[in-house]
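A.B. asks: Mind looking over this structure? Questions follow.
Numbering (our numbering), first residue to last: 166 to 313.
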C-alpha cells in the first residue's frame, strides 16, 4: 500500500460504503500540491449503517499553502436532521481512519446505540459545531497549520 492508496477500513458487517478515498497522505507531504490536491477534497469517505452515518473530508484550501484539516462527522439521522455524536478535525489522516474504525465498531456492536448527540435539523445547517462550516473549521481544531 502506498500513501496515495485508500486506507483500509475493515468495517464490521452491515456498514455500507458509499465512497472511500481517504489516503494516508498527510497535508504536509513532499509532493507538489497540484499533483495531489484531489486527495484533499470534502468528499473522502461516506459510510452508513442503519440510521447512522460517518462522513470524512478535507476542509480548507489545499492549493493555497496546504491549508485545511480533515473533518469527521459521526451522526445519527441524515443531513436533514438528527444528532451529531462526533465532530472532529485534525491534520492526521491516520487519526481519522482510527476514529472511523472505532465508531463503526461501537455503532455496529450497540455500544453507542443509546447515546444522545447534539440535535440538528435542516434549518440549523449544523451550526457552530459543524466541520462543514469553513469559518469554524480552523477554530475547532486544536492546532491549525499556521500555528506553531
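Ideal Cβ positions, reconstructed from N, Cα and C, are used throughout, including at glycine.
1. Would the beta-carbon of residue 215 fall within 9 Å of that of residue 179?
2. Using a Cβ-Cβ cutoff of less than 6 Å, which residues in the same chain neighbour residue 292 once the five nearest sequence positions on both sides are dropped?
3. Taking 8 Å as the cut-off, does the stretch 252 to 263 touch the stretch 190 to 197 (at least 3 CB pairs, one atom from each stretch)?
4. Residues in its own chain within less than 6 Å of residue 202 by CB, not counting five upstream and five downstream?
5. Quick check on the DSSP output: the alpha helix (DSSP H) that includes residue 181 runs from which residue to which?
6. Out of 200, 236, 213, state which residue places its alpha-carbon closest to the alpha-carbon of residue 177.
7. With the cut-off set at 9 Å, would you say residue 211 and residue 188 are in Cβ contact?
8. With distance defined between alpha-carbon atoms, name the residue in 197, 233, 237, 200 nearest to residue 185.
9. From what residue to what residue does the beta strand (DSSP E) around residue 277 run?
10. Would you mind reading off the limits of the alpha helix (DSSP H) that contains residue 200?
C.D. replies: Reading from the atomic positions:
1. yes
2. Here the model assigns residue 292 a pLDDT of 45, short of 50, so the residue's position is not dependable, and the following value carries that caveat. Counting only Cβ-Cβ distances below 6 Å, and skipping sequence neighbours, we find nothing.
3. yes
4. 227, 228
5. Here residue 181 belongs to no alpha helix (DSSP H); instead the beta strand (DSSP E) covers 181 to 185.
6. 213
7. no
8. 237
9. Counting along the chain, residue 277 falls outside any beta strand (DSSP E), and DSSP gives it neither H nor E.
10. 198 to 201
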